[in-house]
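Residue numbers (the UniProt record's numbering): 1 to 119.
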């Protein structure tokens, strides 16, 4: 049978609060670091996969207009900036040039205006 050992001086509520505060502060820092790592990894995966989807939508005979439009329209400006950089790195051609060479008319103007909102 085990025996219960009572500390000579019972801990004060202030000491308990300080220990809990330190423990939760460390936990909070750990959670924040994990969230940053996961979001960064997901963002890189997303940029790569989106650049692949864009390439497949424009590659070959015929073009998947719906897929191309959906991918470009649903991305924010900062996401498009990262996606364009990933596309250039992977395919050695800018996304703007690829869209320009694969589209025409008002559709080309529309997509390029989304890819270059400040021009």
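We put the beta carbon where it would ideally sit given N, CA and C, even for glycine.
In this text the structure is predicted, and so the values were computed from the model without any measurement.
Check, Outcome
"Contained alpha helix (DSSP H) runs [length at least 4] in the region 31 to 96, N- to C-terminal order", "65 to 73, 77 to 91"
"Integer Cβ distance of residue 47 from residue 72, believed to fall under 8 Å", "With 8 Å as the limit, residue 47 and residue 72 do not qualify as a contact, their Cβ atoms being about 14 Å apart."
"Buried or exposed by the 16-neighbour rule on C-beta atoms within 10 Å, applied to residue 80", "buried"
"Proximity winner among 88, 115, 78, relative to residue 68 (alpha-carbon distances)", "115"
"Contact check, residue 51 vs residue 92, beta carbons under 7 Å", "no"
"Rounded C-alpha distance that separates residue 30 from residue 37", "11 Å"
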